[in-house]
Amino acid sequence: MNDDFDSDTGDDDLFSDDINHDVPFHHAGTLMELNDNKAGMADLDKEKISRIIEEASKGSKFYDHKKKQQERIDAKIADLLRKKKAITEEQLKNASAKVGQIVRNLEKSRDLSRTFVHVDMDAFYAAVEMRDDPSLRDKPMAVGGPGMLATSNYLARRFGVRAAMPGFIGQKLCPDLIIVPPNFEKYRAVNAIFSEVFAKYDPNYSAMSLDEAYLDITEFLRLDQNVRKPSDLSHAEEVVSDLREEIFLATQLTASAGIAPNTLLAKVCSDINKPNGQFYLRPERPVVAEFVEKLSVRKACGIGKVTEQMLNALGITTCAEMFEQRALLSLLFSEISALSFLRVSMGLGSTFMGDSDAPAKSVSNERTFKATSDADFLRDQCRRLCEELSEDLVRKQLQAKSVTIKLKTDTFDVKTRVRNLPEATWNADVLCRHVVPMLESEMAPKRAFRLMGVRASNLCEKSANQQSTLDAILKQPSGTERLCPVCSTSLAKLSLALVNAHLDRCLSGSQQDDVQCPICSGFFRRPEIEHHAATCEGAATSTTPSVKSAPIRKRGAAREDGFVPRDECQRKPKKQLTLSAFFDQRKSES
DNA sequence: ATACATACC
DNA sequence: GACTGGTATGTAT
């Protein structure tokens, strides 16, 4: 069902714009079909695969939802076509002139001087599992669970078993399919190893996930120039070949790579000779032009299934066609979309790498469960999500000024509700007090939910205000009694962590007279908290060493693709947020 | 500004 | 039997 219906509308363009003398590329009309079956012919042909998938999901709520979704897309496309019909020749001519100017400017800005590499590990999770269990090597297998597969090996792909496919459908496509549960700790460890190789070629490399990264090897090439012997391959190819070899020697895993003058093209190129291959796109304008002409628009990062359908409906499949229709697109889409289409069609991409330590804009936590309308369960779930989110925020030293609740009904419809907080916080209880009412106003006797999520946004680093408050307290000479600046009660007997907990509650406006335990998040009256914390911490520290810092350097999904069951990957056991960890994080700042 | 949609891995 | 989770960004109202 998730297979694309080729809405191959014929070429009904009334407008051919040959008034442009600024066409950067001569786009011939050759529609070369890109090989879409990568690793050998399917054991099951496409027809059969779609039929099995169709049968497996027909009648399910998921399938119904997909159908509804597709109807909305179709309506949007119909709208688009209506809009197109209403466009006059004159409007198009004007647009054409405007776009022409943009094209000239873009062309002027084209930079072919840098060398980018996109490195992508081949079937990463599956490859790791096969490496460590030779009995899997000659069998179709996938990593994931019965609910969702994260990736599959190349043998399984021949049966149509793919990432982001539910496990039970994978089993239907390939009855012998072995499904291995993911082991994210291991993947992280392997990632740490080949990341060292990346760093050698570009200390500023940018990791997109555990299995892929962008490198700017311009500088490396410059320094390496004199050291290297001549060979058939270009310098860049030689270097990237070495890089892949080093990854293999270090991990026994293969990687594919794309080499190109910008990140957009590098990404496309890394897919061409996968697995265990690389593709070099020479940094010459005609070479880039020819390459991009034949490129399916879908290959461009940012053009997904929906946008592809819309473009297809306009008769646009390749980048050449997209370039031809640039004036039309500028009239049909927003400025920002039209510009991004234009850049893609000209083969322009980013020629500098994103700041790897840009601050996160949101932190969220969501979980799917058996659909229910049970209010107690939902409230409970909500509290748990808030507590976990709070841990994440503390870990990242961020506070939220807004919280969002996300709910998915049993029919897969998603609702979100935001609320702005009076003050930035990371306190679980505060989050919860704002989220639960939003949950409650969405609950209805007949409405069952299958997922709930909580997101913190409008983030700020732990506020200077609060930090200085804490500093001020801590810097009081020992011997003087520490008083809370908010409620003026004595904090002398509390450990640093508990001072923090107290401050959080005071600063976030809590009127209550109890203190939250940073370990179990429970609330206790002040006389009881010391005793409680001692027990709680004892239990916690005996099992856990410390909070580990993630090996990933960049924000983003820590996955190759598809599903990461929370409990198996990032979420440490509850007790991981120990008193000492809590302590360390704050202490290190004062 | 809020909600919803799309995209990426 | 059972279609994910985390983050960013664009679009619509």
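The numbers in the UniProt record's numbering rise by one with no breaks, and the one at position 179 of the first sequence is 179.
Here a beta-carbon is modelled for each residue, glycine too, at the ideal position from N, C-alpha and C.
Distance CB(residue i)-CB(residue j) smaller than 9 Å
i, j, result
"I247", "F194", "yes"
"V190", "L253", "yes"
"P181", "G145", "yes"
"K462", "W426", "yes"
"L92", "L328", "yes"
"V436", "R379", "yes"
"V119", "Y187", "no"
"L398", "A456", "yes"
"A257", "R244", "yes"
"F159", "L44", "yes"
"V292", "A320", "yes"
"R419", "E442", "no"
"I73", "Q309", "yes"
"S364", "P445", "no"
"R285", "L112", "yes"
"T409", "R367", "no"
"Q278", "S234", "no"
"A448", "K396", "no"
Reference residue i, options the options, closest by Cα
i, options, result
"L281", "K93, D43 and F116", "F116"
"residue 593", "Y154, M121, V414 and K76", "Nothing about residue 593 can be read from this structure; the chain reaches only from 1 to 590."
"F341", "K67, N153 and R298", "R298"
"D79", "K361, A313 and R417", "A313"
"V287", "D271, S270, A260 and P275", "A260"
"K67", "T411, C432 and R433", "T411"
"V403", "S362, D355 and Y214", "S362"
"G347", "R157, L451, S109 and D64", "S109"
"D355", "N183, R72, A207 and E290", "A207"
"Q381", "P359, R222, L393 and I405", "I405"
"E335", "A444, A95 and K84", "A95"
"F184", "P203, F198, S209 and T409", "S209"
"M130", "D111, E107 and L155", "L155"
"E212", "K229, A192, S337 and Q101", "A192"
"K305", "D376, Y63 and Q69", "Q69"
"D214", "V197, N226 and R228", "A small fix is needed here, since residue 214 is Tyr in this sequence, not Asp. Nearest option by C-alpha distance: V197."
"C460", "A358, S135 and I272", "A358"
"T317", "M452, S241, L295 and G453", "L295"
"D271", "A97, C301, D242 and S337", "C301"
"L393", "S337, V454 and K85", "V454"
Residue i Cβ short of 8 Å to the ligand SAM heavy atom set
i, result
"I77", "The ligand SAM is not part of this structure, which contains no ligands at all."
Contacts around residue i, its chain only, beta-carbon distance under 6 Å, and the 5 residues preceding and following it disregarded
i, result
"K401", "L421, A424 and N458"
"I87", "L331"
"I303", "V297"
"A56", "I169 and K172"
"V99", "R326, A327 and S330"
"N105", "none"
Close beta carbons around residue i, own chain, < 8 Å, minus the five adjacent residues each side
i, result
"L149", "A142, V143, V161, R162, A163, A164, M165, P166, G167, G170, I179, G562 and F563"
"S60", "none"
"H65", "T411, F412 and D413"
"E90", "none"
Own chain partners of residue i with C-beta closer than 7 Å, once the 5 adjacent residues on each side are dropped
i, result
"S508", "Note that S508 scores 42 on pLDDT, short of 50, meaning its location in the model is unreliable and no value can be drawn from it."
"N276", "D122, T254 and S256"
"D132", "none"
"Y125", "V143, A150, T151, P182, Y187 and E560"
"R114", "D216, T218, P261 and T351"
"K200", "none"
"Y205", "F198, A199, A213, Y214 and L215"
"E238", "R228 and S231"
task = Could you tell me whether the region 170-187 touches the region 125-140, using the rule of 3 or more Cβ pairs below 8 Å?
result = Yes: at least three Cβ pairs fall under 8 Å.
task = Please list the segments of the beta strand (DSSP E) lying wholly inside the region 278-359, counting only runs of 3 or more residues, in order along the chain.
result = As far as the region 278-359 is concerned, its whole beta strand (DSSP E) runs of at least 3 residues are 278-280.
inquiry  = Between the region 425-440 and the region 380-400, can you find at least three pairs of beta-carbon atoms closer than 8 Å?
reply    = Between the region 380-400 and the region 425-440 there are three or more inter-stretch CB-CB distances shorter than 8 Å, so the stretches are counted as touching.
message = Assess contact between the region 342-358 and the region 262-279, defined as three or more Cβ pairs (one per stretch) separated by less than 8 Å. Is contact present?
response = The answer is yes - the region 262-279 touches the region 342-358, with three or more Cβ pairs under 8 Å.
ask   = Taking only runs of the beta strand (DSSP E) that begin and end inside the region 155-182, which ones reach a length of at least 3 residues, in chain order?
value = Here the runs fully enclosed are 178-180.
task = Could you name each continuous alpha helix (DSSP H) segment of 4 residues or more that falls completely within the region 250-279, going from the start of the chain to the end?
result = Entirely contained in the region 250-279, the alpha helix (DSSP H) runs reaching 4 residues are, in chain order, 263-270.
ask   = Counting only runs that start and end within the region 92-147, where is the beta strand (DSSP E) found for 3 or more residues in a row?
value = Segments of the beta strand (DSSP E) lying fully in the region 92-147: 116-121 and 141-144.
request  = Please specify which runs of the alpha helix (DSSP H), each continuous and at least 4 residues long, are wholly inside the region 419-445, giving them in chain order.
outcome  = Those alpha helix (DSSP H) runs which fall completely within the region 419-445 and span 4+ residues are 428-442.
query = In the region 196-255, which residue ranges form an unbroken beta strand (DSSP E) of at least 3 residues, counting only runs that do not cross its ends?
reply = Taking only runs of at least 3 residues, the beta strand (DSSP E) segments lying wholly in the region 196-255 are 206-209 and 212-216.
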